[in-house]
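Chemist:
Protein chains: 2
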Amino acid sequence: MTQKKRNAFYAQSGGVTSVINASACGVIETARQHKKFINKVYAGRNGIIGALTEDLIDTSKESKKDIAALKYTPSGAFGSCRYKLKSIEENRAEYERLIEVFKAHDIGYFFYNGGGDSMDTAHKVSQLSETMGYPITCIGIPKTVDNDLPITDNCPGFGSVAKYVAVSIREAGFDVASMAKTSTKVFVMEVMGRHAGWIAAAGGLAAESEGDAPHIILFPEIAFNKEKFLKKVDRCVKKFGYCAIVVSEGAAYKDGTFLADAGTTDAFGHKQLGGVAPVVAQMVKDELGYKYHWAVADYLQRAARHIASETDVEQAYAMGKAAVELAVSGKNAVMPTIVRKNTKTYKWTIGEASLSKVANVEKMMPRNYISRDGMHITQACRDYMQPLIKGESYPPYKNGLPQYVTLKNEAVKKKLKKKFDI
Amino acid sequence: MTQKKRNAFYAQSGGVTSVINASACGVIETARQHKKFINKVYAGRNGIIGALTEDLIDTSKESKKDIAALKYTPSGAFGSCRYKLKSIEENRAEYERLIEVFKAHDIGYFFYNGGGDSMDTAHKVSQLSETMGYPITCIGIPKTVDNDLPITDNCPGFGSVAKYVAVSIREAGFDVASMAKTSTKVFVMEVMGRHAGWIAAAGGLAAESEGDAPHIILFPEIAFNKEKFLKKVDRCVKKFGYCAIVVSEGAAYKDGTFLADAGTTDAFGHKQLGGVAPVVAQMVKDELGYKYHWAVADYLQRAARHIASETDVEQAYAMGKAAVELAVSGKNAVMPTIVRKNTKTYKWTIGEASLSKVANVEKMMPRNYISRDGMHITQACRDYMQPLIKGESYPPYKNGLPQYVTLKNEAVKKKLKKKFDI
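So the sequence lines, in the order shown, correspond to chains A and B. For the first sequence, position 386 (counting from the first letter as 1) is numbered 386 according to our numbering, and the numbering increases by one without interruption. Positions in the second sequence are counted from 1; adding 1000 to them yields our numbering.
Here is the structure:
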């Protein structure tokens, strides 16, 4: 229990989303309301690396207005990183360095905003703080477009990607439908999700009536069957005039080979990681002869704050806020969760989960979310996902462009002499 | 002059846009207000093919509400086509067939919504109607994301693609900036424009201050210089931590070879049309070693009605409306144009151009819109483009998704016995 007034550390971890800054906003705004417990919020520049290298950002130097603008600014305002702390056994020095930096800056709260790995790190830091006798309250804040954290009903970041994907395939579907008579008959859109089909599944929400795009979804969970796939493409084109396909980057053959790795080489014979969409499109062209177009959304999908889900933005903010509230109420080693209420219309409330139960557990998409033929979603999937994309939360615009904030990100004066190489 | 009450024919041609249906809406709503001159508006199913095959859609069967919904529905609601009529000398039969169908259905107005080729077709039909002694009023309605029609200040469809591209690269730029410390340092986004860099240039609007994305734009107009390009990428990464690039699909080497065609083959040795973005990204990786991500927007960019430019939507509607007003006022063989007024803040009005002057003339992007180093835009370009992306014109949403309309598209009863093979 760290109930005397101390500083807090907040860091963003892993792939960013269009709403992770909304969580940051929730943390900072709420911390500012709890001056009795929390003095300043220091953010790690580039995530946990900022803590290791003592490169801290003093968020108290940011105006109220700029902090509020985080709620509608995509990406990680303080910088994120792909940096996984090793186990304590393997690299105890890293954990000791963290505690050292926290001590030097009187940091008594550790808020870590990320996915499964980050929850594991937060958990380890909390364990170490006990054994090292340095009291620090560790709270995880869920974030991942992959939607694969356990216990929480869904993960902030996912709803907005889901909305982007569903909106985009609906729009592209309308486009292809108009062109199909004399031109493009097949459209392939590649989306993220190397291990799980949550994001690809979201595309399915756009198909509300028979014949609507997308007609086919290719999931990482379902071994790709070329013959079955091509048959369905052909059937769609013959029945509806065109075929719109959403394919997960993780779509793979039965033996685990990614479709994207299926042998493409560049002029020098190097293996070309060319994306799965062109591979699928070319397959259709070679076997069925249909003219195609393909798109790879890549970062656009997870950065698209302009079409973020209002539900997602609210939940992301609420998770940041709840993290601080949990901390000041004396909770430790927990992560706030989104709890779906058992009501007819979607309602959610905030729960909490022990970091020990969240760390290193991956939530897979249930098989009953995928249709029997393995190429679309079921009603159960719709019931789960549809509320998550609900509502629009538009950023402000100027000169036709969204006005996202770039913070000052002023550094906190270093106090340690020792440098730390990462 | 066809001032007695007759039917009208309207068709959509070529690649569709997110606002071509707004022009259709302008045509149909305005025609309904001129019952004295125009009886019914028949739309060609799949564009001009619908006229040739006598496959007409009776738009009078559509409700007022559904027609109004066209204003916010992307794509071509009646179907479009890529079908260029040959010259009269080469295929007089096609033109005679058109006149025959128009005669059979008492069509006295021909509204053709498309780009340069379509304006040429409309022009030819008007010439032929004279020589064949069948009076028909021919009005072109400008539409093209390529923005390459002459005389008109800009083309409906372009402003919305421009907005999509600028918004997307801004968002992706924020994303990469957060990841750059430990992960992705270079992001490449491919956009449309095989012959002209108008769309790629629009990405440049997102860069309002030094260091903003995009840092580099590759235009079809500027021969690709690998060395200069890589130098600039490296400089950007060193100075700003990352580099965001917009590349036109038409980017090419000095000898005219498209970058996208630069020798990639698939497992079977077939030439792979893999898009230019992965080629550019791989080049950066091979030569500079930076981790990259890339996106290909493809149809998403021209279908993205959810982020359409309000200016563009208004102009598209106005062009449809003006086309009908020109027709009923006795004008013939003209196309309404957008005229930029010489005012400090952007104002526009409607003008007209003779189809003979529009047909087969391509407006290129002025060299002074491209920066001296050939890799960004100039202030002159900003001054021209910025007003075109101004304003948001959001569609209505239900269950988190835009509610686009699908019309009934009821066929008009055929009157001709002869079929026509296309």
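Just so it is clear, CB atoms sit at the ideal spot from N, CA and C, and this is done for glycine as well. A quick note: this is a predicted structure, and the numbers were derived from the prediction, not measured.
Thinking C-alpha only, which one of B:N1342, B:E1287, B:E1096 is nearest B:G1133?
Modeler: B:E1096
Chemist: Can you look up A:L56 in the DSSP assignment and give me helix, strand or coil?
Modeler: Three-state DSSP puts A:L56 in a strand.
Chemist: Consult DSSP for B:M1189 and reduce its assignment to one of helix, strand or coil.
Modeler: B:M1189 falls in the strand class under three-state DSSP.
Chemist: Between B:Q1315 and chain A, is any beta-carbon pair separated by less than 8 angstroms?
Modeler: no
Chemist: Any residues in the segment 1285 to 1315 of chain B with a beta carbon nearer than 9 angstroms to a beta carbon of chain A? Which ones, in chain order?
Modeler: Taking 9 angstroms as the cut-off between beta carbons, the residues of the segment 1285 to 1315 of chain B near chain A are D1286, H1293, W1294, A1295, V1296, A1297, D1298, Y1299, L1300, Q1301, R1302, A1303, A1304, R1305, H1306, I1307, S1309, E1310, T1311, in sequence order.
Chemist: For A:V145, collect the residues of the same chain with a Cβ closer than 6 angstroms to its Cβ; drop the 5 residues on either side in sequence, then sort them by chain order.
Modeler: T17, G157, F158, V161, R302
Chemist: Ignore the nearest five residues each way along the sequence and tell me which others in A:A359's own chain have a CB closer than 6 angstroms to its CB.
Modeler: Only residues of its own chain outside the window of five on either side were considered, and among them M119, D120, H123 have a CB closer than 6 angstroms to the CB of A:A359, listed in chain order.
Chemist: Can at least three beta-carbon pairs, one atom from the segment 1029 to 1039 of chain B and one from the segment 1086 to 1093 of chain B, be found at a separation below 8 angstroms?
Modeler: For the pair of segments examined, the segment 1029 to 1039 of chain B was found not to touch the segment 1086 to 1093 of chain B: the number of CB pairs separated by less than 8 angstroms stays below three.
Chemist: Distance, Cα to Cα, A:S309 vs B:A1104?
Modeler: A straight-line Cα-Cα distance of about 51 angstroms links A:S309 and B:A1104.
Chemist: Going by C-alpha distance, which of B:I1057, B:D1117, B:S1023 is nearest B:K1408?
Modeler: B:I1057
Chemist: Looking at C-alpha atoms only, which residue of B:K1143, B:F1102, B:Y1112 is the closest neighbour of B:S1129?
Modeler: B:F1102
Chemist: For A:Y109 versus A:A327, is the C-beta distance shorter than 8 angstroms?
Modeler: yes
Chemist: Where does the unbroken alpha helix (DSSP H) through B:F1229 begin, and where does it stop?
Modeler: In the DSSP assignment, B:F1229 falls within the alpha helix (DSSP H) that extends over 1226 to 1240.
Chemist: What would DSSP say about A:Y42, mapped onto helix, strand or coil?
Modeler: strand
Chemist: Mapping DSSP to helix, strand and coil, what is B:G1108?
Modeler: strand
Chemist: Enumerate in chain order the residues of its own chain whose CB-to-CB distance from A:E287 is below 7 angstroms, with the five nearest sequence positions on each side excluded.
Modeler: Taken in chain order, the residues that qualify are L230.
Chemist: Span of the beta strand (DSSP E) holding B:F1174?
Modeler: Segment 1158 to 1179 is the alpha helix (DSSP H) holding B:F1174; no beta strand (DSSP E) there.
Chemist: Can you find a C-beta in chain B that's less than 8 angstroms from the C-beta of A:E362?
Modeler: no
Chemist: Identify whether B:F1078 lies in helix, strand or coil by the three-state DSSP scheme.
Modeler: coil
Chemist: What three-state label does DSSP hand B:F1037 in the structure shown?
Modeler: coil
Chemist: Would you list the one or two residues that DSSP bridges to B:C1138?
Modeler: Answer by DSSP bridge pairing, in chain order: B:F1110.
Chemist: Among residues of its own chain, excluding the 5 on either side of A:A295, which ones have a beta-carbon nearer than 6 angstroms to its beta-carbon?
Modeler: M189
Chemist: Let me know the secondary structure DSSP gives B:F1258 once reduced to three states.
Modeler: strand
Chemist: Along chain A, in chain order, which residues have C-beta atoms closer than 9 angstroms to that of B:D1058?
Modeler: By Cβ distance, chain A contributes nothing, its closest Cβ being about 19 angstroms from B:D1058, past 9 angstroms.
Chemist: In chain order, what residues of the segment 1214 to 1241 of chain B put their CB closer than 7 angstroms to some CB of chain A?
Modeler: Correct list: empty, as no residue qualifies.
Chemist: State the start and end residues of the unbroken beta strand (DSSP E) segment that holds B:S1329.
Modeler: Counting along the chain, B:S1329 falls outside any beta strand (DSSP E), and DSSP gives it neither H nor E.
Chemist: Consider the Cβ of B:D1106: report whether some Cβ of chain A lies at a distance smaller than 8 angstroms.
Modeler: no
Chemist: When you compare the CB positions of A:V426 and A:Y112, do they come within less than 8 angstroms of one another, or not?
Modeler: Examination of residue 426 of chain A is not possible in this model, given that chain A is present from 1 through 422 alone.
Chemist: A:T184 and A:H293 look like a contact to me (Cβ under 8 angstroms); what is the Cβ gap, rounded to whole Å?
Modeler: 5 angstroms
Chemist: Look up B:Y1394 in the DSSP assignment and say whether it is helix, strand or coil.
Modeler: coil
Chemist: Over what stretch of residues does the beta strand (DSSP E) that includes B:E1352 continue unbroken?
Modeler: Residues 1348 to 1354.
Chemist: Please report whether the beta-carbon of A:I389 lies at a distance below 8 angstroms from any beta-carbon of chain B.
Modeler: Look at A:I389: its C-beta is under 8 angstroms from a C-beta on chain B.
Chemist: Take every Cβ of the segment 313 to 331 of chain A, pair it with every Cβ of the segment 162 to 178 of chain A, and state whether three or more of those distances are shorter than 8 angstroms.
Modeler: Contact between the segment 313 to 331 of chain A and the segment 162 to 178 of chain A is absent: fewer than 3 CB-CB pairs across the two stretches fall below 8 angstroms.
Chemist: Could you pull the DSSP bridge partners for B:R1006 from this structure?
Modeler: B:I1038
Chemist: Does the beta-carbon distance from A:P395 to A:Y72 come in below 8 angstroms?
Modeler: yes
Chemist: Taking beta-carbon pairs under 8 angstroms, can you tell me which members of the segment 167 to 178 of chain A lie near chain B?
Modeler: V167, S168, R170, E171, A172, F174, D175, V176, A177, S178
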